[in-house]
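Position in the sequence shown (first residue = 1) + 10 = the numbering used here.
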Amino acid sequence: MGTSTEHKVEIVLKEITNALPAFLPELLLAWRNDADVTRFMPSAHVLTWEEHWEWWRTRMNRRDFLIFYDGIRAVGVVHYTFDGEVGILIGEKTLWSRGIGTAALALLLTVLPPQRGMWAAIHSENIASQRVFTKAGFVNTHEPERNGQERWVLK
C-alpha cells in the first residue's frame, strides 16, 4: 500500500482486508493482550479469542493497516476511523523507540491525505505517542476522552 523511509526506518503499510493472512488474528490478539502494549488503551482487559474475533469480524467504519518493519516483519497496526480518529499500536516491544510509529503515521497521512477533523485519543502519560503525533502536526486540546486519554487534533 505504501512505503516510507522516514528516520531511516523502512516501513510498509498493507491494508488489512477480510482476506486475512493466517497469522494475523492470533498476532493481533497477542499484542492486544500484552499489558505493556495496552497500558494506555481505553480498555486494557484481557480479551478471549471469541471476544477478539467478534470485534474483528464486525469492525466497520474504519480502515486498518498492518505495519511492516524492514518490509517483512509485522510489528504493529495503524487505523483510521471514518469519524476521523487515528490510532497506532506497535506490538513488538523490542522495536519501541526506533521511529516506527512516527514513520507509520507519516505514511498513513500520505495514503489518507490529512483532513480537517482528524484526531487521536492519547493518554496523558503516553509521552512516546504524544511525540509521534506532535511531529505529525497534532496538538493537544486537553479535552478528556476515555480512560485518562485526551483528544489531540490535526492542526
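Glycine included, every Cβ here is placed at the ideal spot set by N, Cα and C.
Considering just the uninterrupted stretch of the beta strand (DSSP E) at residue i, what are its terminal residues?
{"i": "Val47", "result": "No beta strand (DSSP E) contains Val47, which is instead part of the alpha helix (DSSP H) from 45-48."}
{"i": "Pro154", "result": "148-154"}
{"i": "Glu160", "result": "159-164"}
Let me make sure I understand the geometry here. Which of the options has the alpha-carbon closest to that of residue i?
{"i": "Leu34", "options": "Gly109, Thr68, Thr48, Phe75", "result": "Phe75"}
{"i": "Ile82", "options": "Gly94, Val19, Gly97", "result": "Val19"}
{"i": "Asn157", "options": "Ser139, Lys145, Gly127, Ser134", "result": "Ser134"}
{"i": "Leu57", "options": "Met70, Phe50, Leu38, Val96", "result": "Leu38"}
If you draw a straight line from the alpha carbon of residue i to that of residue j, how long is it in whole angstroms?
{"i": "Ala131", "j": "Val47", "result": "15 Å"}
{"i": "Gly86", "j": "Lys165", "result": "25 Å"}
{"i": "Thr68", "j": "Trp59", "result": "14 Å"}
{"i": "Tyr90", "j": "Trp129", "result": "9 Å"}
{"i": "Pro63", "j": "Arg141", "result": "Position check: residue 63 holds Trp in this sequence, whereas Pro was assumed. So the two alpha carbons sit approximately 32 Å from each other."}
{"i": "Ala54", "j": "Ile21", "result": "27 Å"}
{"i": "Asp44", "j": "Leu117", "result": "26 Å"}
{"i": "Phe148", "j": "Leu99", "result": "17 Å"}
{"i": "Pro6", "j": "Trp41", "result": "Limits of the chain in this structure are 11 at one end and 165 at the other, which puts residue 6 out of reach."}
{"i": "Arg73", "j": "Gly97", "result": "11 Å"}
Taking residue i as part of the alpha helix (DSSP H), name the residues at either end of that continuous run.
{"i": "Glu61", "result": "59-68"}
{"i": "Glu20", "result": "Counting along the chain, Glu20 falls outside any alpha helix (DSSP H), and DSSP gives it neither H nor E."}
{"i": "Ala32", "result": "Per DSSP, Ala32 belongs to no alpha helix (DSSP H) and is neither H nor E."}
Chain B beta carbons: is any one of them nearer than 8 Å to that of residue i?
{"i": "Thr112", "result": "The structure shown contains no chain B; it is built from a single protein chain."}
- Whole beta strand (DSSP E) elements within the segment 75-138, 3-residue minimum: 83-91, 96-100, 129-133
- Message: Between the segment 104-113 and the segment 24-33, can you find at least three pairs of beta-carbon atoms closer than 8 Å?
- Response: no
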